[in-house]
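Asks:
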Amino acid sequence: MTAKATTSATWEQDVLNADGPVLVDFWAAWCGPCRMVSPILDEIQSENSDKITILKLNVDENPDLAMKYQITSIPAMKVFQGGEVKTTIIGAKPKFALEQDLAAFLG
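Last residue of the sequence shown: number 107 in the UniProt record's numbering, and the count goes up by one each step with no gaps.
(1) Could you pull the start and end residues of the beta strand (DSSP E) that residue 76 belongs to?
(2) Relative to the alpha-carbon of residue 75, which residue among 19, 9, 40 has its alpha-carbon at the smallest distance?
(3) To the nearest angstrom, how far is the alpha carbon of residue 88 from that of residue 42?
(4) Ends of the beta strand (DSSP E) at residue 25?
(5) Could you check where the alpha helix (DSSP H) with residue 68 kicks off and where it finishes?
(6) In the DSSP output, what is residue 97 paired with across the bridge?
See below:
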């Protein structure tokens, strides 16, 4: 399972009004570390699809959301729950480190 994309047009429905926790991966096609972390997030999504939803947001195509959430470096990941940011993860990390950062949501 590959993390699906969200956009400014679908943001409210996909992220803010989602039932459970949603991790949004703020990324860009030209970002090497973003490409490194993407398959790791896909693995975490497929192993925990009942606990967390992982979405990707291209910052070049959605600069309004990148600015709203103060994305100054990528990859940046934010976990939203109940329409609010619950945690922020900056930079590419190995799977075990990301799972530790997400432990509260992966239970």
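The beta carbon of each residue, even a glycine, is placed where N, CA and C say it ideally should be.
Replies: Well, looking at it:
(1) 76-81
(2) 40
(3) 18 Å
(4) 22-27
(5) 63-68
(6) Paired residue(s): none; residue 97 is not in a bridge.
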